[in-house]
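**Student:**
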Amino acid sequence: MALHNSHFTKILITGDAGMHGKHLVTFFSNFSTIIGVSRSKTSVSFPQYQHIELDISNIDSIARVMRALKPQLVIHTAALSNENIIKQYSPEKVEAINVTASGEFAMLCKEIGAKFVFYSTDLVYDGNCGPYRKTDSPLNPISLYSQSKLRAEKLIQQVGGNYSILRIALSYGESGNGQKNFFEFMVESLSSGKPISVFSDQFRTPLNAHEAPKAIKHLLDNDWDENILNLGGYERMSRFDMAHTIAEVGGFDKGLITPQLLSETTLSIAKDVSMNMDYLKNSGFAFSTLEEFNKNYILRLKRS
Ligand SMILES: NC(=O)c1ccc[n+]([C@@H]2O[C@H](COP(=O)([O-])OP(=O)(O)OC[C@H]3O[C@@H](n4cnc5c(N)ncnc54)[C@H](OP(=O)(O)O)[C@@H]3O)[C@@H](O)[C@H]2O)c1
Numbered sequence: 385m386a387l388h389n390s391h392f393t394k395i396l397i398t399g400d401a402g403m404h405g406k407h408l409v410t411f412f413s414n415f416s417t418i419i420g421v422s423r424s425k426t427s428v429s430f431p432q433y434q435h436i437e438l439d440i441s442n443i444d445s446i447a448r449v450m451r452a453l454k455p456q457l458v459i460h461t462a463a464l465s466n467e468n469i470i471k472q473y474s475p476e477k478v479e480a481i482n483v484t485a486s487g488e489f490a491m492l493c494k495e496i497g498a499k500f501v502f503y504s505t506d507l508v509y510d511g512n513c514g515p516y517r518k519t520d521s522p523l524n525p526i527s528l529y530s531q532s533k534l535r536a537e538k539l540i541q542q543v544g545g546n547y548s549i550l551r552i553a554l555s556y557g558e559s560g561n562g563q564k565n566f567f568e569f570m571v572e573s574l575s576s577g578k579p580i581s582v583f584s585d586q587f588r589t590p591l592n593a594h595e596a597p598k599a600i601k602h603l604l605d606n607d608w609d610e611n612i613l614n615l616g617g618y619e620r621m622s623r624f625d626m627a628h629t630i631a632e633v634g635g636f637d638k639g640l641i642t643p644q645l646l647s648e649t650t651l652s653i654a655k656d657v658s659m660n661m662d663y664l665k666n667s668g669f670a671f672s673t674l675e676e677f678n679k680n681y682i683l684r685l686k687r688s
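Residue numbers (my numbering): 385 to 688.
#1: Could you tell me the alpha carbon to alpha carbon distance between N414 and E648, rounded to whole angstroms?
#2: For a test of your reading of the model: does the CB of V501 fall under 8 Å from any non-hydrogen atom of ligand 1? Yes or no.
#3: Give the DSSP bridge partners of D656, in chain order.
#4: Return helix, strand or coil for N561, following the three-state DSSP convention.
#5: Return helix, strand or coil for V428, following the three-state DSSP convention.
#6: As a quick exercise: from F569, I459, I395, pick the residue whose alpha carbon is nearest that of F502.
#7: Could you compute how far the alpha carbon of G487 sits from the alpha carbon of V543?
#8: Please determine whether the Cβ atom of Q644 lies at a distance below 8 Å from any heavy atom of ligand 1.
#9: Can you find a heavy atom of ligand 1 that lies under 8 Å from the Cβ of G668?
#10: DSSP puts V501 in a beta bridge; with which residues?
#11: Flag Y529 as yes when its Cβ comes closer than 8 Å to any non-hydrogen atom of ligand 1, and as no otherwise.
#12: Which first and last residues belong to the alpha helix (DSSP H) in which Q531 is found?
#13: Determine, using beta carbons only, whether G616 and A553 come nearer to each other than 9 Å.
#14: Can you give me the Cβ contacts of E675 inside the same chain, cut-off strictly under 8 Å, excluding the 5 residues immediately before and after it?
#15: Note the first and the last residue of the continuous beta strand (DSSP E) segment covering I612.
#16: Can you tell me whether I418 sits near ligand 1, meaning its C-beta is under 8 Å from at least one heavy atom of the ligand?
#17: With H, G and I counted as helix, E and B as strand and the rest as coil, what does DSSP make of P597?
#18: Look up N512 in the DSSP assignment and say whether it is helix, strand or coil.
#19: When the Cα atoms are used, what is the spatial distance from F587 to D609?
#20: Taking 8 Å as the cut-off, is the CB of L554 close to at least one heavy atom of ligand 1?
#21: Check each candidate in H407, L396, M661 and name the one with the smallest Cα separation from N561.
#22: Excluding the 5 residues preceding and the 5 following I481 in the sequence, name in chain order all residues of the same chain whose CB lies nearer than 7 Å to its CB.
#23: How many Å lie between G511 and P431 at the Cα?
#24: Taking all protein chains shown into account, decide if N592 is buried (16 or more other Cβ within 10 angstroms of its Cβ) or exposed.
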C-alpha cells in the first residue's frame with residue numbers, strides 16, 4: 385500500500401542541481417527534511433535542506449548515503465537528461481549513471497523500506513500513435529537517451545519493492561542550471577527578434593516543472609500505488625503550437641516562427657509522444673495552462 389505523503393518526513397531528491405530537482409526541493413522542503421544529491425554545488429538554500437555532492441556512477445557511495453540517512457522517500461531525477469548530454473559520455477558511463485544507479489537506488493529503497501519514484505520520459509513510447517495510456521502503449525525508444533531510460537525502468541521493475549515510474553513529458557519552466565530548455569530558448573529567440581523553425585507535426589503534452597512536485601504530492605496524498613504513470617500537462621501541442629502560444633503571450637512577432645514538417649525530414653525523432661492524463665485530471669488535480677504560465681514568466685523577464 386502507498387504511504388500517505390505526511391509520513392515522508394525525510395526525502396532524498398537526486399539531481400537537485402537540475403531543473404526538476406530544484407523545483408522538487410523548493411516545494412517539498414515546505415513539508416519535509418530534504419537531502420539533495422548531485423555532483424555540483426547547489427545554489428539554493430532552505431532551512432530543512434541539506435545538499436550532498438555525490439557522483440551516482442559510484443554505487444558504493446549511493447549505498448553509503450542511503451544506509452546512513454535512511455530516507456522514507458527517494459525521488460530520483462538525476463540523469464544524463466538528453467541526447468546532447470549523452471553524446472558527451474562513454475556508453476559505460478551512460479549505463480552507470482542512467483541505468484545501474486537507478487537500479488541501485490531501487491534496490492536500496494527496497495532494503496530500507498522506502499518508496500522509490502523514478503523520473504523516466506515520454507520518449508520511451510514509440511511516437512507513432514499518441515496520445516498514450518500506459519496500459520496499451522507500445523514502447524520503442526529511438527534515441528540513446530530514451531533507450532537508457534527504458535533499460536532503467538526494466539531494472540527497477542526487476543528489483544521490485546514500493547516503486548513508481550513516472551513517464552515525464554517535455555518540461556517547461558525555469559531551468560536555472562545554465563542549460564536552456566526548449567521553452568527558454570524560444571522565449572529568448574523570439575524576444576530578441578531571431579527567427580525559429582519548429583515542427584508542426586511533432587506532438588507532446590508539455591509539463592510545467594514548477595507544478596510537477598505539487599502533482600506528485602497530490603498523487604502521494606491520494607494513495608497512489610500504480611507502478612507506472614504518465615506525468616504530463618493536459619494540453620496536447622505541437623512544437624509550433626508551443627512557439628505560437630509564447631509569441632501570443634509575449635507580444636512577439638509570430639512571423640518569426642516557420643512551421644516545418646518532421647515527416648518531410650529524415651530525422652529519427654518521435655513524432656507523437658503526447659500522453660493521456662485523464663486519471664490525474666479526473667482525480668481533481670489542476671495544472672495551469674502553458675499560456676497562463678508564460679504570462680507570468682514573460683512578465684517577470686520583461687521586468688528584470
Ligand atoms: N526536462 C525535460 O523536459 C524532461 C522530460 C522527460 C524526462 N525528464 C527526466 O527528468 C529528470 C530530470 O530532468 P531535468 O531536466 O531536471 O535534468 P537536468 O536539468 O539535466 O538535471 C539533471 C541532474 O542530474 C544530475 N546528475 C547528472 N549526472 C549525475 C551524476 N553522475 N551524479 C549525480 N548527479 C548527476 C545533475 O547534476 P550534476 O551535473 O551537478 O551532477 C542535475 O542535477 C531526468 O531524469 C530526465 O531524464 C526530463
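Each residue gets a CB set at the ideal place from its N, CA and C atoms; glycine is no exception.
**Tutor:** On the basis of the data shown:
#1: 48 Å
#2: no
#3: F587
#4: coil
#5: coil
#6: Taking only the C-alpha atoms, the option nearest F502 is I459.
#7: Distance between the alpha carbons of G487 and V543 is about 7 Å.
#8: no
#9: no
#10: I459, S548
#11: yes
#12: Its alpha helix (DSSP H) spans residues 528 to 543.
#13: yes
#14: T629, E632, V633
#15: 612 to 615
#16: no
#17: helix
#18: coil
#19: 28 Å
#20: yes
#21: H407
#22: I440, S441, A463, L464
#23: 43 Å
#24: buried
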